[in-house]
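Residue numbers (the numbering used here), protein chains in the order written: chain A, 576 to 692; chain B, 2 to 206.
C-beta: ideal position from N, C-alpha, C; glycine also.
Quick notes on the structure that follows.
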Amino acid sequence: MNTELNKDDERFAARAKRLLDHSVEELDATITRRLQHARVQALDAGPARSRSAIWVSGLAMATVGALSLSMWLMQPVHERPHTPALDDIELITSAENVDLAEDFEFYHWLADADTTG
Amino acid sequence: MSATVFELSLPHVSSGLRLRGRAATLDRNQALDRFLAGVERRAFRMAQVATGDADEAMDLVQDAMLKLVQRYGARDEAEWGPLFHTILQSRIRDWYRRAKVRNRWRAWFSRHEDETEQDDPLESVADTSNLLSDEQLAQKRAMAALDQALRTLPLRQQQAFVLRAWEELDVEQTAAAMGCSEGSVKTHYFRAVRALRQLLGAHWP
């Protein structure tokens with residue numbers, strides 16, 4: 576199919592272009608203002624983070640988390656910060672046991688006395 | 002962490018880089034603002050011709066602007082034009098599909114109602130004959146008739162005509178914006194021109 580335009584077609588298209596150009600100049604102030612507002616809003620929204628960027632940052636955070644955890648687990652047991660055992664907590668919280676702890680010196684002396692006596 | 006160390010060890014360098022980055026963003030925003038200000042009114046008219054409704058057209062243009070800024074603002078400036086038209090035409094196509102479904106439902110529900118009469122485009126031209134010269138009045142009437150004729154074209158022909166004749170995109174750029182082959186663009190454009198001439202020829206003021 577021949578799709579070449581003839582001279583009349585081209586003249587017609589040129590006239591249509593002139594009219595369309597003119598119609599843009601004729602747009603009323605309200606439309607122009609709304610367009611400006613739309614433009615400002617679009618520019619304010621700024622660039623969206625791409626899906627790949629979100630993935631990369633998520634992956635980076637997960638890696639950092641995994642590294643921290645593995646470093647903490649890999650350190651020798653004696654270097655780990657001392658965490659109070661349940662018995663110690665019981666000792667601290669019970670008033671009875673606090674009294675008992677205060678008498679530790681007496682019990683040590685008593686034990687020594689038993690072996691020597 | 003290394004970035005923090007780098008910033009701590011070379012604070013003047015990092016603040017300089019930050020300033021340069023901020024300046025580049027500002028330049029880009031200004032360039033985007035200039036670009037959008039240059040195309041927004043034509044884009045609005047394109048969408049208005051396609052939808053026949055100012056509010057719908059405004060939504061489509063706003064959507065296209067937002068997508069360009071958000072997704073392609075970092076691209077080279079020379080790419081913004083073709084990209085913007087691609088986005089806008091894609092939005093118009095989506096609008097057409099939705100409108101088609103809506104109209105099908107509406108037609109189904111109002112099957113027994115009388116067919117509504119089509120508006121006469123010349124009636125929509127405000128009667129400003131007292132204020133306008135004959136030439137201005139003729140121009141207004143010609144534009145209204147062209148708008149109406151463009152609306153009767155199939156969407157693909159309408160897009161091809163607007164992008165080729167008005168926006169003066171070449172065949173390749175038009176094909177990219179319409180998402181079709183170059184051969185299709187040539188055919189749609191040719192048919193659009195012939196159809197418009199036939200529709201308007203007899204009484205185009």
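Beta-carbon spacing of residue i, residue j below 8 Å
i, j, result
"F191 of chain B", "L580 of chain A", "yes"
"T188 of chain B", "T607 of chain A", "no"
"D596 of chain A", "R198 of chain B", "no"
"R92 of chain B", "A65 of chain B", "yes"
"F587 of chain A", "V194 of chain B", "yes"
"W81 of chain B", "F110 of chain B", "no"
"W205 of chain B", "A145 of chain B", "no"
"T87 of chain B", "A177 of chain B", "yes"
"Q31 of chain B", "P622 of chain A", "no"
"Q160 of chain B", "M179 of chain B", "yes"
Nearest-angstrom Cα separation, counted from residue j out to residue i
i, j, result
"T175 of chain B", "L69 of chain B", "18 Å"
"L89 of chain B", "A620 of chain A", "18 Å"
"L594 of chain A", "A637 of chain A", "59 Å"
"Y1 of chain B", "V615 of chain A", "No answer is possible for residue 1 of chain B: it lies beyond the span of chain B, which begins at 2 and ends at 206."
"R157 of chain B", "L201 of chain B", "19 Å"
"P155 of chain B", "A641 of chain A", "58 Å"
"T5 of chain B", "W630 of chain A", "Caution is warranted here: a pLDDT of 49 is assigned to T5 of chain B, below 50, making its placement in the model unreliable, and no coordinate value can be reported."
"E8 of chain B", "A589 of chain A", "In this prediction, E8 of chain B scores a pLDDT of 49, lower than 50, which makes its location untrustworthy; no coordinate-derived value is stated."
"H612 of chain A", "L618 of chain A", "10 Å"
"W167 of chain B", "G633 of chain A", "46 Å"
"E169 of chain B", "V639 of chain A", "53 Å"
"L610 of chain A", "M646 of chain A", "56 Å"
"A108 of chain B", "A196 of chain B", "26 Å"
"E173 of chain B", "R29 of chain B", "27 Å"
"L84 of chain B", "L133 of chain B", "39 Å"
"R263 of chain B", "D603 of chain A", "For residue 263 of chain B there is no data in the structure shown, the boundaries of chain B being 2 and 206."
"F681 of chain A", "M649 of chain A", "41 Å"
"S598 of chain A", "D54 of chain B", "15 Å"
"S3 of chain B", "A75 of chain B", "Confidence is the limiting factor: at S3 of chain B the pLDDT is only 48, short of 50, which leaves the residue's position unreliable and the question unanswerable from this model."
"R27 of chain B", "L67 of chain B", "The sequence given here places Leu at residue 27 of chain B; Arg does not occur at that position. Taking the straight line from one Cα to the other gives about 17 Å."
"K592 of chain A", "V186 of chain B", "18 Å"
"D56 of chain B", "T605 of chain A", "12 Å"
"A1 of chain B", "L644 of chain A", "With chain B represented from 2 up to 206, any question about residue 1 of chain B goes unanswered, as that position is not in the structure."
"E601 of chain A", "A635 of chain A", "54 Å"
"D171 of chain B", "E183 of chain B", "10 Å"
"D34 of chain B", "A143 of chain B", "33 Å"
"M576 of chain A", "W96 of chain B", "31 Å"
"C181 of chain B", "R99 of chain B", "20 Å"
"K582 of chain A", "D77 of chain B", "37 Å"
Contact test: residue i Cβ vs the ligand MN heavy atom, cutoff 7 Å
i, result
"R192 of chain B", "Among the components of this structure there are no ligands whatsoever, and the ligand MN is therefore not found."
CB contact check: residue i to chain E, cutoff 8 Å
i, result
"T638 of chain A", "This model lacks chain E altogether, as its protein chains are A and B."
Using a beta-carbon distance cut-off of less than 7 Å, what residues from the region 137-152 of chain B approach chain A?
Answer set for the region 137-152 of chain B: Q140, A143, M144 and L147.
Any contact of the region 141-154 of chain B with the region 44-61 of chain B, i.e. 3+ C-beta pairs under 8 Å?
The answer is yes - the region 44-61 of chain B touches the region 141-154 of chain B, with three or more Cβ pairs under 8 Å.
Counting beta carbon pairs with one atom in the region 29-41 of chain B and one in the region 134-145 of chain B, are three or more of them shorter than 8 Å?
no
Stretch-stretch touch, CB-based, cutoff 8 Å, three pairs: the region 59-77 of chain B with the region 99-112 of chain B:
The region 59-77 of chain B vs the region 99-112 of chain B: no contact.
Determine which residues of the region 91-109 of chain B have a Cβ less than 7 Å from any Cβ of chain A, and write them out in chain order.
none
Quick check on the DSSP output: what are the complete alpha helix (DSSP H) runs of length 4 or more inside the region 66-116 of chain B, in order along the chain?
78-110
According to a CB-to-CB cut-off of less than 8 Å, which residues of the region 51-80 of chain B neighbour chain A?
A55, M59, V62, Q63, M66, L67, L69, V70, Q71, R72, G74 and A75
If the cut-off is 7 Å on Cβ atoms, which residues from the region 160-181 of chain B count as contacting chain A, listed in chain order?
Going along the region 160-181 of chain B in chain order, one finds A166 and W167 with a Cβ nearer than 7 Å to chain A.
Please name the residues in the region 22-47 of chain B whose beta-carbon is closer than 7 Å to at least one beta-carbon of chain A, in chain order.
N30, L33, D34, L37, A38, E41, R42, R43, F45 and R46
Output needed in chain order: residues of the region 580-592 of chain A with a Cβ under 9 Å from some Cβ in chain B.
For the region 580-592 of chain A, which is checked against every Cβ of chain B, the residues closer than 9 Å are L580, D583, D584, E585, F587, A588, A589, R590, A591 and K592.
Which runs of the beta strand (DSSP E), 3 residues or longer, sit entirely within the region 180-205 of chain B?
none
Residues of the region 185-198 of chain B with a CB closer than 8 Å to any CB of chain A: list them in chain order, please.
Taking 8 Å as the Cβ-Cβ cut-off against chain A, the residues of the region 185-198 of chain B that qualify are K187, T188, Y190, F191, V194, R195, L197 and R198.
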